[in-house]
Amino acid sequence: MDRRSFIKAGVAAGAVAAGGGFAAPALSQGANARTLRFVPQANLANFDPIWGTQYVVRNAAVLVWDTLYGFDDKLEPQRQMVEGEEVSADGKTWTFKLRTGLRFHDNEPVLAKDVVASIVRWMPRDPMGQILRRLNEELVAVDDRTIRWRLSAPFTKMKMALGKNATPMCFIMPERIATRFDSFTQINEYVGSGPMRFVRNEWVPGARAVFQRFDGYVPRNEPASWLAGGKRMMVDRVEWIVMPDPATASAALQNGEVDWWENPITDLVPVLRRNRNIAVDIADPLGNIGAFRMNHLHAPFNNVKVRQAVMTALNQEDYMTALVGNDRNLWKVMGGFFTPDTPLYTEAGGAMMKAANLERGRQLLRESGYNNEPVTCIVAQDQPITKALGDVTADLLKKLGMNVDFVATDWGTVGQRRAMKNPPGQGGWSMFHTWHAGADAINPILYNAVRANGDGAWFGWPDVPAVEAEVPNWLAASSLAEEKAAIDRLNAAAVENVVYCPTGFFLTYQAWRRNVSGIVKGPIPFAWGVSKT
393 MDRRSFIKAG VAAGAVAAGG GFAAPALSQG ANARTLRFVP QANLANFDPI
443 WGTQYVVRNA AVLVWDTLYG FDDKLEPQRQ MVEGEEVSAD GKTWTFKLRT
493 GLRFHDNEPV LAKDVVASIV RWMPRDPMGQ ILRRLNEELV AVDDRTIRWR
543 LSAPFTKMKM ALGKNATPMC FIMPERIATR FDSFTQINEY VGSGPMRFVR
593 NEWVPGARAV FQRFDGYVPR NEPASWLAGG KRMMVDRVEW IVMPDPATAS
643 AALQNGEVDW WENPITDLVP VLRRNRNIAV DIADPLGNIG AFRMNHLHAP
693 FNNVKVRQAV MTALNQEDYM TALVGNDRNL WKVMGGFFTP DTPLYTEAGG
743 AMMKAANLER GRQLLRESGY NNEPVTCIVA QDQPITKALG DVTADLLKKL
793 GMNVDFVATD WGTVGQRRAM KNPPGQGGWS MFHTWHAGAD AINPILYNAV
843 RANGDGAWFG WPDVPAVEAE VPNWLAASSL AEEKAAIDRL NAAAVENVVY
893 CPTGFFLTYQ AWRRNVSGIV KGPIPFAWGV SKT
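First residue of the sequence shown? That's 393 in the numbering used here, and the numbers climb one at a time after it.
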């Protein structure tokens, strides 16, 4: 049974369940109003926002950990943990002053030494952090509230680096944690200074994660805007209820067992809209870019011609209709890597991305010398986006003539396994599916997936000097025209070398009970400002 038939069959069962098939939670009305029940996109299988880049981890982390700066809804970095900053006349030295009243969840004060240790742990895992690491000459705590960062050259995007919502974000942790676990080792203690503390003894991976309001948090005295401004929690408790089956999540939302569903699939939106107690809207107008991510280290995708064969044969329309249906208002075919309708979007050199030519792909595969090596596809079945994309890929690769080793797994396992550089036959992988928020793909230093700096690159580890050469050119540009010229060259090199294969641009929905207010559009489900009646 295909995905759409399965979902349609499940809707009827879900409607029955919504009429009373689930047991209602045993809570008083007051307690219920102070608890927000949220269905996340996937299971929170691991919880280290520096070690990996899964959005589900980032979305939980913004509740627990805070950042020095935070992007607002105009994608501009604003002060968050810092009271202010000074930049030397030569642009090489930044001095940050922490605002007063910052405390960790263990009631210890947030000190400058914690910030230094957290930045040091973050830098190796992040593209912007890697640039700063190369420029770093001295990063020190001057006193309890003051941090001085001396660089070998000016870096004008400092606030962007420390305030971006693209993963991995520069979250501030206690020094004792940030120094005990290096950048490539997962933490096992979850102490932050954000508006919510993680209730570890109630964490049941695969079922539930719980966050409790931190009474010691002092929000900024400004309106909230994405990660900027005052993060005021209107509820005492946020419960993440993991429901990988969309029909089950739909029924629970309709029945009032949950309050907010992060990513209802398009097939169920008409059902939800017919319920007068439920609101449905586009989650983020900047949308998402689907990704077919290949391992450049091992056969067969270490061969650029094999990668070109896949990109040439790939039909983005197949992926998008499988994922979001036939409504062209919800998706677009792409000829470039950046977010459509943003200033740096370009289709320079992008003809191969739009080719959708299976016969030409087969010819390129023959020319590549492909020798029937297994293509180990690790595809999360509990994540609707990756499952839909993975089904199309399995069919595509078989039609191309490739030997498909399809590994159906969960999103947590994908997150663990994709970090491994072992050969595919030794626990590694050949490809996986994911997606990139449009807000993360607006320029080359936010967008880790388009970078191609070998061992320092994102999972797949592409090494394409022609791509990397344009990053400093973009940074040094003095006009939008110069920026666009650099991005045109970067896009063309990324297509020619197939850094990865975009599978199309798409919009997703979110849905919530109408007794919930304060939900905003954006790349993250921002829980501050959200209340229930």
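All C-beta atoms, glycine included, are put in the ideal place defined by N, C-alpha and C.
Nothing here was measured: the structure is a model prediction, and the numbers come from that model.
Chain-order list of residues whose beta-carbon lies under 7 Å from that of residue i (same chain, five-residue window excluded)
i       : result
Asn-883 : Gly-728, Phe-729, Thr-738, Ala-740, Gly-741 and Gly-742
Trp-486 : Glu-477, Val-479, Trp-541 and Met-550
Lys-674 : For the sequence presented, residue 674 should be read as Ile rather than Lys. Contacts found: Leu-899, Tyr-901 and Lys-913.
Pro-732 : Lys-724, Met-726 and Phe-897
Asn-707 : Ala-748
Lys-697 : Leu-756, Glu-759 and Ser-760
Cα-Cα separation, residue i to residue j
i       : j       : result
Val-856 : Arg-665 : 47 Å
Val-532 : Glu-477 : 15 Å
Arg-540 : Ser-909 : 41 Å
Val-799 : Asp-659 : 25 Å
Ser-397 : Lys-779 : Confidence in Ser-397 is poor, its pLDDT being 47 and thus under 50, which makes the residue's placement unreliable; the coordinate value appears in the next sentence. Cα-Cα distance, rounded: 15 Å.
Asn-694 : Val-661 : 41 Å
Ile-579 : Phe-573 : 6 Å
Asp-535 : Lys-556 : 26 Å
Val-863 : Asn-845 : 11 Å
Trp-853 : Ser-510 : 24 Å
Met-794 : Gly-830 : 31 Å
Lys-489 : Met-550 : 15 Å
Ala-423 : Pro-501 : 30 Å
Met-515 : Val-508 : 11 Å
Arg-685 : Asn-613 : 42 Å
Asp-498 : Ile-569 : 12 Å
Val-887 : Arg-699 : 10 Å
Met-552 : Trp-443 : 20 Å
Arg-391 : Met-473 : With the chain covering 393 to 925 only, the question about residue 391 has no answer from this structure.
Phe-851 : Val-449 : 16 Å
Pro-656 : Glu-759 : 42 Å
Asp-710 : Asn-680 : 16 Å
Ala-453 : Pro-638 : 24 Å
Arg-881 : Met-520 : 20 Å
Residue i and residue j closer than 8 Å at C-beta
i       : j       : result
Val-431 : Trp-595 : no
Leu-715 : Phe-897 : no
Trp-618 : Asp-832 : no
Ala-683 : Thr-559 : no
Asp-676 : Lys-913 : yes
Ala-849 : Ala-885 : no
Gly-804 : Ala-437 : yes
Gly-621 : Pro-615 : yes
Ile-834 : Leu-736 : yes
Leu-781 : Ala-701 : no
Val-796 : Ile-770 : no
Ala-903 : Ala-671 : yes
Exposure of residue i, with buried meaning 16 or more beta-carbon neighbours within 10 Å
i       : result
Arg-471 : buried
Phe-590 : buried
Pro-917 : buried
Arg-906 : exposed
Arg-592 : exposed
Leu-872 : exposed
Arg-720 : exposed
Asn-764 : exposed
Glu-530 : exposed
Glu-475 : exposed
Ser-544 : exposed
Glu-874 : exposed
Ala-861 : exposed
Glu-631 : buried
Thr-925 : exposed
Own chain residues within Cβ distance below 8 Å of residue i, not counting five before or after
i       : result
Met-812 : Gly-819, Gly-820 and Trp-821
Arg-629 : Arg-426, Thr-427, Leu-428, Val-602, Phe-603, Gln-604 and Arg-605
Phe-414 : Annotation note: pLDDT 42 at Phe-414 (below 50); position unreliable, coordinate value reported separately. Closer than 8 Å at the Cβ level, and outside the excluded window around Phe-414, lie Ala-643, Ala-644, Asn-647 and Glu-649.
His-690 : Pro-815, Pro-816, Gly-820 and Ser-822
Ser-575 : Ile-442, Trp-443, Arg-513, Trp-514, Met-515, Pro-516 and Arg-517
Neighbourhood of residue i by C-beta distance below 6 Å, restricted to the same chain and skipping five residues each side
i       : result
Ala-747 : Thr-704
Gln-773 : Lys-779 and Ala-800
Ala-641 : Val-431, Met-635 and Trp-653
Met-393 : The predicted position of Met-393 is uncertain, since its pLDDT is 41 and thus under 50; a value taken from the coordinates is nonetheless stated next. Around Met-393: no qualifying Cβ.
Arg-525 : Met-515
Gln-522 : Gly-848
Chain B contact for residue i (CB, 8 Å cutoff)
i       : result
Val-908 : No chain B is part of this structure, which consists of one protein chain only.
Is the region 459 to 478 touching the region 560 to 569 in the sense that three or more CB pairs, one from each, lie closer than 8 Å?
-> yes
Pairing CB atoms from the region 859 to 879 with CB atoms from the region 707 to 724, are three or more of them under 8 Å?
-> no
At a cut of 8 Å, does the region 665 to 674 reach the region 782 to 792 through at least three beta carbon pairs?
-> no
Count the CB pairs spanning the region 881 to 895 and the region 841 to 848 that are closer than 8 Å, and state whether there are at least three.
-> yes
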